[in-house]
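Here's the structure, in structure tokens; my notes come after.
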Amino acid sequence: MRRPVSIIVAMRRFAVDIRGAAPTPLRSAVFALVALACSSTPDTPPPPASVTFPAGFMWGASTAAFQVEADDIHTDWSHWAAMPGKIKNGDTPDPNGPDSLDHVDDDVALLQSTHQNAYRFSIEWGRIYPTLDDFNDDTPDPAGLAAYDNLVDKLRAANVTPMVTLHHFAFPDWLSDVTDPNDPQGWERPGVVDQFATFCSRMASHFGDRVDWWITINEPLNVVVGGYIQGSFPPGLILNTDRGFAVAKIEVRAHAACFDAIHQADTVDADGDGKPAMVSLAKHLRTFHPYDDTDPDDQTAADRVKYIYNDWFLNAVVLGNWDDDLDGTLTDSPNDVTGDPTLVGRADYLGVNYYSDTLVSASRGVIIPVIDAAIYEAFMPTTRPKTDFGWDIYPEGLGTVLDEVKPYGLPVVITENGIADAGDVNRARFIAEHLYQAGWAIQRGVDLRGYFHWALVDNFEWANGFCPHFGLASYDPTTKARTARASARTYASIIQAGAVKQSDIDAMPPYATPTVTCQ
Ligand code: FCB
1135 MRRPVSIIVA MRRFAVDIRG AAPTPLRSAV FALVALACSS TPDTPPPPAS
1185 VTFPAGFMWG ASTAAFQVEA DDIHTDWSHW AAMPGKIKNG DTPDPNGPDS
1235 LDHVDDDVAL LQSTHQNAYR FSIEWGRIYP TLDDFNDDTP DPAGLAAYDN
1285 LVDKLRAANV TPMVTLHHFA FPDWLSDVTD PNDPQGWERP GVVDQFATFC
1335 SRMASHFGDR VDWWITINEP LNVVVGGYIQ GSFPPGLILN TDRGFAVAKI
1385 EVRAHAACFD AIHQADTVDA DGDGKPAMVS LAKHLRTFHP YDDTDPDDQT
1435 AADRVKYIYN DWFLNAVVLG NWDDDLDGTL TDSPNDVTGD PTLVGRADYL
1485 GVNYYSDTLV SASRGVIIPV IDAAIYEAFM PTTRPKTDFG WDIYPEGLGT
1535 VLDEVKPYGL PVVITENGIA DAGDVNRARF IAEHLYQAGW AIQRGVDLRG
1585 YFHWALVDNF EWANGFCPHF GLASYDPTTK ARTARASART YASIIQAGAV
1635 KQSDIDAMPP YATPTVTCQ
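Quick note: the sequence shown uses the working numbering, first residue 1135, plus one each step.
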């Protein structure tokens, strides 16, 4: 949940108004206790002095097409970004973005020089099929296809495993008209599930000889939050949970259809592990705490939001448990289904995006319909250090969400984790602390196969434009030359060591207060 424009900013102001920005002693004490409880219980051993990662671990970075490519003009996001007031500072992706498809050599060199062996990127549907006729006739744009061929081939030549996302927020503009939010858009369009499955099938058959790792949809619920609750994504609706949850349900079907399509089309085992395709989604997982620790209604609200945000989608596509009315039970609605064969088992691994914690209140702030809670994700009144985006730095939460997904019994890949840190003052510690949590989760039995840092290079951060700097590398907006940040060296050393020592973290400077604010 993120990229807040109006609603979250309003919530934040409201929170500050009623609570004051300063953390209360009670809150600080409770967070300290929670941290203590999380760090050592009778079931979990004490924090290890060091953690190690298994051979074959994927060490990489992520990007998404619209955020790093130039001229993605056949996407809804390109029209959206051109509309006044939609993007912070009026930023548009062109011409100042990193132009990654034209700088593949630079990006591959960056991956290599930092010892990364994997790279997650997305293929832009509207670049491959700029018009509906192109799609219907299966006439992919030759230059578009060639650009991704070039990227995949150069990654493989450099021994970097490609992981491909097929839907990362943007739609082709023939599926989503940003000027007409009242009509069905994107995932609401009739026939979109079949069209997406067709796109998945064609991409899997074209790239399957070189790609084994696939992501169907990135953060399906953030599409709902951004597009239908906060209004910061197309189609720009606010608090329209009826349409939003209808979209979430279609995304479940779209994911399953894409999963099946990829498995049918990608029959070539590109990496020699005996599996032609490993398919998942990138599921954003967060931790959720009650806004007021002493209020049982806030606790109930936090549990409900956690269920809807973290569990509901995964229960559907992994277990086949379709909770139609989102109430956490499978017995009370005639449309609930347990073990639906059209959904069960549609994940070969779990892709997990983890960034931060969320505070939830049953009564304070803007109550979101259906969810019945107000959500605070930025500038929360906690004592934790903050990023340039106002998000709490909360590495322990990564351990928590990894433990939470362990019962699904699947391999896990951290498909995104990163920090807005223009000054690069906190990123090194952030990476080390999150990898420490990841390694510790492995010791607790989580079958973690990889970590992809968001992002390889600074990029266009959706509604917040170019303000947040998430890159392991910066780039010159004119020449596009990449410069690895110092924190990229820290990441590279951890990769080389295949380990993180607590003593190395202790030797790092403490988190600094951000000098930039991007909300
Ligand atoms: C994630 C998105 C990614 C980027 C990061 C900061 O939620 O998947 O595109 O915006 O946040």
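Note that CB positions come from ideal geometry on N, CA and C, so glycine has one too.
Straight-line gap, residue i to residue j (C-alpha atoms, nearest Å)
i: valine 1242; j: tyrosine 1625; result: 16 Å
i: glutamine 1636; j: proline 1182; result: 8 Å
i: phenylalanine 1600; j: valine 1471; result: 44 Å
i: lysine 1288; j: leucine 1266; result: 30 Å
i: glycine 1479; j: histidine 1587; result: 27 Å
i: proline 1639; j: alanine 1556; result: The displayed chain sequence assigns isoleucine, not proline, to residue 1639. Taking the straight line joining both Cα atoms gives about 21 Å.
i: tryptophan 1321; j: tyrosine 1362; result: 12 Å
i: proline 1410; j: threonine 1428; result: 51 Å
i: phenylalanine 1523; j: glycine 1499; result: 20 Å
i: glutamine 1246; j: isoleucine 1502; result: 45 Å
i: asparagine 1469; j: aspartate 1457; result: 8 Å
i: threonine 1248; j: proline 1180; result: 31 Å
i: glutamine 1630; j: isoleucine 1384; result: 42 Å
i: threonine 1434; j: alanine 1507; result: 10 Å
i: threonine 1649; j: aspartate 1558; result: 10 Å
i: methionine 1412; j: leucine 1544; result: 11 Å
i: threonine 1651; j: alanine 1292; result: 37 Å
i: aspartate 1239; j: glycine 1462; result: 48 Å
i: asparagine 1284; j: aspartate 1459; result: 45 Å
i: serine 1212; j: tryptophan 1596; result: 10 Å
i: alanine 1189; j: aspartate 1445; result: 30 Å
i: threonine 1517; j: isoleucine 1509; result: 18 Å
i: serine 1621; j: phenylalanine 1200; result: 25 Å
i: aspartate 1271; j: proline 1611; result: 37 Å
Residue i and residue j closer than 8 Å at C-beta
i: alanine 1252; j: glycine 1194; result: yes
i: alanine 1554; j: proline 1519; result: no
i: valine 1539; j: valine 1185; result: no
i: asparagine 1455; j: lysine 1222; result: no
i: aspartate 1268; j: proline 1274; result: yes
i: phenylalanine 1657; j: alanine 1198; result: With the chain covering only 1135 through 1653, there is no way to say anything about residue 1657.
i: leucine 1244; j: alanine 1646; result: no
i: isoleucine 1349; j: valine 1298; result: yes
i: tryptophan 1214; j: valine 1312; result: yes
i: valine 1591; j: arginine 1561; result: no
i: asparagine 1356; j: histidine 1301; result: no
i: serine 1490; j: arginine 1420; result: yes
i: serine 1310; j: proline 1354; result: no
i: aspartate 1206; j: proline 1229; result: no
i: threonine 1521; j: serine 1196; result: no
i: alanine 1382; j: phenylalanine 1447; result: yes
i: arginine 1377; j: arginine 1344; result: no
i: proline 1315; j: glycine 1360; result: no
i: isoleucine 1628; j: alanine 1566; result: yes
i: alanine 1450; j: leucine 1477; result: yes
i: isoleucine 1257; j: methionine 1337; result: yes
i: asparagine 1487; j: histidine 1418; result: yes
i: glycine 1342; j: alanine 1380; result: no
i: phenylalanine 1187; j: glycine 1573; result: yes
Sequence-distant residues of the same chain with beta carbon closer than 6 Å to residue i, five excluded per side
i: valine 1452; result: Ala1481 and Tyr1542
i: valine 1547; result: Tyr1483, Gly1485, Arg1583 and Gly1584
i: aspartate 1426; result: Asp1432
i: valine 1202; result: Pro1232, Ser1234 and Asn1593
i: alanine 1395; result: Ala1331, Cys1334 and Ser1335
i: glutamine 1653; result: Ala1512 and Gly1524
Contacts around residue i, its chain only, beta-carbon distance under 8 Å, and the 5 residues preceding and following it disregarded
i: aspartate 1405; result: Thr1295 and Asp1346
i: isoleucine 1505; result: Thr1375, Arg1438, Val1439 and Ile1442
i: leucine 1464; result: Asn1455, Trp1456, Asp1457, Asp1470, Val1471 and Thr1472
Residues near residue i in its chain [Cβ-Cβ closer than 7 Å; skip 5 each side]
i: isoleucine 1142; result: Confidence at isoleucine 1142 is low in this model, with a pLDDT of 37, below 50, so the placement of that residue should be treated as unreliable; the coordinate-derived value is given next. These residues qualify, in order along the chain: Gln1364, Glu1511 and Ala1512.
i: aspartate 1236; result: Ala1204
i: alanine 1436; result: Phe1422, His1423, Pro1424 and Val1494
i: alanine 1575; result: Gly1533, Leu1536, Asp1537 and Leu1582
i: proline 1306; result: His1208, Thr1209, Trp1259, Gly1260 and Tyr1263
i: glutamine 1571; result: Pro1529, Glu1530, Leu1532 and Gly1533
Residue i at chain D interface by Cβ criterion, 8 Å
i: aspartate 1466; result: Any reference to chain D falls outside this structure, which holds one protein chain only.
Hey, which unbroken runs of the beta strand (DSSP E) at 3 residues or more fall wholly within the region 1546–1622? Within the region 1546–1622, the runs of beta strand (DSSP E) at least 3 residues long that lie entirely inside it are, in chain order, 1546–1550, 1582–1588, 1607–1609 and 1616–1618.
Could I get the ranges of all uninterrupted beta strand (DSSP E) runs contained in the region 1316–1353, with 3 residues as the minimum, in chain order? 1347–1352, all fully within the region 1316–1353.
Please go through the region 1463–1500 and give each complete beta strand (DSSP E) segment of 3 or more residues, from N-terminal end onward. Listed in chain order, they are 1484–1495.
Mind listing, in chain order, the continuous alpha helix (DSSP H) runs of no fewer than 4 residues lying wholly within the region 1366–1433? Every alpha helix (DSSP H) stretch that sits fully inside the region 1366–1433 and reaches 4 residues is listed by chain position as 1375–1399.
Segments of 3+ residues assigned as beta strand (DSSP E) that fall wholly inside the region 1626–1651: The qualifying runs are 1633–1635.
Mind pulling the alpha helix (DSSP H) runs of 4 or more residues that sit fully within the region 1179–1228? Runs found: 1199–1202 and 1210–1216.
Please go through the region 1261–1298 and give each complete alpha helix (DSSP H) segment of 4 or more residues, from N-terminal end onward. Fully contained in the region 1261–1298 are the following alpha helix (DSSP H) runs of length 4 or more, in chain order: 1266–1270 and 1276–1291.
Whole alpha helix (DSSP H) elements within the region 1233–1258, 4-residue minimum: Runs of the alpha helix (DSSP H) inside the region 1233–1258: 1238–1247.
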